[in-house]
Amino acid sequence: MLFYTRVNVLFYILKLSKKINLLRMATPDLLQRLEKRALIAEQLIDVLRNEVAELKKASESLGHSQLEAENEQLKQEVEEWKSRLIQLELSHGKTQVCNAPPPILSYIRFSNSYSFTYNNLELFNMYFCYDFTYFKVPLPAKNGRMASTTYLASIPTQPPPVEKPPTFEGATQGGDTASDKDKKKEKKAKPATESKEKAGGKGAVTAEEPPVDVGRLDLRVGRIMTAKRHPDADALYVEEVDVGEDKPRTVVSGLVKFVPLEAMQNRLAVLLCNLKPAKMRGVTSEAMVMCASSPDKVEILDPPEGSQPGDEIHVEGYPRVPDPVLNPKKKIFETVAPDLKTDHEGVATYKGSPFTVPGKGVVKAFTLFGVNVK
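Reading the sequence shown from the start, the letters are residues 1 to 374 in full-length UniProt numbering.
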């Protein structure tokens, strides 16, 4: 038994020695294979590194382009809200003001004071359409030198009288000439009844003023002949509109987001024609396109079939006596606007009475019912 065990051990040792010899013989080949695999692995790692770097660059560029797209969208939204604000201000009779003041101005304070034009070029009017109280202007030269670069001047509520220098002939110590004294005496000699008559006349005019309602608005049918994008505002259209006059009117509308440009061409609309003309981003708007409006949708009001440019819009129960130009201080449109709405059938109404073109039909919105008209 012990003999067989020793024999088995010897056989096992012989087999093991053969395997070791085989491994020793195969080692160079195995090492070569391992080296090749290591090289392949390194190459794969390099390829993966390059792909990861390219993916990073692509993701960065994608993020950059996404940010640019978001910024562009935000710009468009800002322009849209600007145009809405401009339309709202115009509907309330507020004159538009450009952003950049002229270089000559360094300080402006607005108020409801006397309106002033700077020079023949109307420099102020190009930039400021509101009345103002204080401004800075260059001083005239004194003795060949500038006394100061600027000074602060005050414009009163009424323009100051122009004082003429006294002449040497007939001049008095107080600086008044004889003719000036005669004029003063004549003014004092005027009866007080004259001023009372004037006051009475003013009162009569006020008493005859029509009531503030839709009849004070000059609403007409107009044909938008051409429309194009505003050169300086992405959210505005500039239209040429025939309202039955000798020449078309230029109208600026903030409808870019709501109405495609092709839908603005050669179409009928209802226009408010007696708003005070105002500049919108450098283009003077001479009327306003009336629309049915909700927070997310705006539609241009459609006149009835057969309407022609210049046809007047009437509202039963409110005689049509439009002002030549609406006075912004009287806030006529602001008073009327809350009662301008479409009914459950889309008909434009004032306090429930429909907008009509006599003999042709009513003014309607296509899909917006029960919303404001503005």
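The beta carbon of each residue, even a glycine, is placed where N, CA and C say it ideally should be.
Would you mind sorting G370 into buried or exposed? The rule is 16 or more other CB atoms within 10 Å of its CB.
What you label residue 370 is simply residue 370 of the sequence shown in a count that begins at 1. Its Cβ having fewer than 16 others within 10 Å, G370 is exposed.
Can you name the start and end residues of the alpha helix (DSSP H) that I332 belongs to?
The sequence position of residue 332 within the sequence shown is 332, counting from 1. Unbroken alpha helix (DSSP H) run through I332: 332 to 336.
Pull up the DSSP beta-bridge partners for V47, would you.
In the sequence shown, counting from the first residue as 1, residue 47 sits at position 47. Answer by DSSP bridge pairing: none, since V47 is not bridged.
Quick one: is E122 buried, meaning 16 or more other Cβ sit within 10 Å of its Cβ, or exposed?
Within the sequence shown, numbered from 1, the residue matching residue 122 stands at position 122. Low per-residue confidence applies at E122: pLDDT is 34, beneath 50, and the placement is therefore not dependable enough to give any value.
What number of angstroms, rounded off, separates the C-alpha of I224 from the C-alpha of S293?
Taking the first residue of the sequence shown as position 1, residue 224 is located at position 224. Taking the first residue of the sequence shown as position 1, residue 293 is located at position 293. In a straight line, the C-alpha of I224 is about 19 Å away from that of S293.
Leaving out five residues on either side along the sequence, give the residues of the same chain with a beta carbon under 7 Å from the beta carbon of D232.
For the purposes of this step, residue 232 is taken as the residue at position 232 of the sequence shown. Same-chain partners within the cutoff: R281, G282.
How close, in whole Å, do the beta carbons of V357 and V256 come, if the pair is a contact with beta carbons under 8 Å?
The residue labelled residue 357 in the question sits at position 357 within the sequence shown. The residue labelled residue 256 in the question sits at position 256 within the sequence shown. No, V357 and V256 are not in contact; Cβ-Cβ is about 28 Å, not under 8 Å.
Assign L341 to one of two classes, buried (16 or more other C-beta atoms within 10 Å of its C-beta) or exposed (fewer than that).
Within the sequence shown, numbered from 1, the residue matching residue 341 stands at position 341. Note that residue 341 is Lys in the sequence shown here, rather than Leu. Looking at its Cβ environment, which holds 16 or more other Cβ atoms inside 10 Å, K341 is buried.
So the beta strand (DSSP E) M225 belongs to, where does it begin and stop?
Taking the sequence shown and counting its residues from 1, one reaches residue 225 at position 225. From DSSP, the beta strand (DSSP E) with M225 extends over 219 to 230.
Please check the pair I300 and V259, which I expect to be a contact at CB under 8 Å, by giving their CB distance rounded to whole angstroms.
Residue mapping note: residue 300 aligns to position 300 of the sequence shown, counting from 1. Residue mapping note: residue 259 aligns to position 259 of the sequence shown, counting from 1. Contact flag correct, Cβ pair sits at about 6 Å.
A287 lies in the beta strand (DSSP E); which residues open and close that run?
In the sequence shown, counting from the first residue as 1, residue 287 sits at position 287. Taken as a continuous stretch (DSSP letters only), A287 belongs to no beta strand (DSSP E), as it is neither H nor E.
Do you know how far the Cα of S253 is from the Cα of Y127?
Taking the first residue of the sequence shown as position 1, residue 127 is located at position 127. Taking the first residue of the sequence shown as position 1, residue 253 is located at position 253. Low local confidence applies: a pLDDT of 33 at Y127 is under 50, so the model's placement there is unreliable, with the coordinate-based value given in what follows. The straight-line gap from Cα to Cα measures roughly 21 Å.
Going straight from the alpha carbon of Q87 to that of K56, what length do you get?
Position 87 of the sequence shown, counted from the first residue, corresponds to residue 87. Position 56 of the sequence shown, counted from the first residue, corresponds to residue 56. Each residue's Cα considered, the two are about 46 Å apart.
How is the beta strand (DSSP E) around E299 delimited, first residue to last?
As a working mapping, residue 299 is identified with position 299 in the sequence shown. 297 to 300 is the span of the beta strand (DSSP E), which, as asked, contains E299.
Tell me whether the region 348 to 362 and the region 305 to 321 touch, counting them as touching only if at least three CB pairs, one residue from each stretch, are closer than 8 Å.
Contact between the region 348 to 362 and the region 305 to 321 is present, because at least three Cβ pairs lie under 8 Å.
Measuring CB atoms only, is the region 74 to 86 touching the region 236 to 254, in the sense that at least three cross pairs come out at less than 8 Å?
Yes: at least three Cβ pairs fall under 8 Å.
By how many angstroms is the C-alpha of L74 removed from the C-alpha of K364?
By 1-based counting over the sequence shown, the position of residue 364 is 364. By 1-based counting over the sequence shown, the position of residue 74 is 74. Whole-angstrom Cα-Cα distance: 33 Å.
Counting Cβ pairs, one atom from each stretch, are 3 or more of them under 8 Å apart for the region 317 to 331 and the region 259 to 268?
No, the region 317 to 331 is not in contact with the region 259 to 268.
Would K247 and V238 be called neighbours here (beta carbons separated by less than 8 Å)?
Numbered from its first residue, the sequence shown carries residue 247 at position 247. Numbered from its first residue, the sequence shown carries residue 238 at position 238. No. Outside cutoff.
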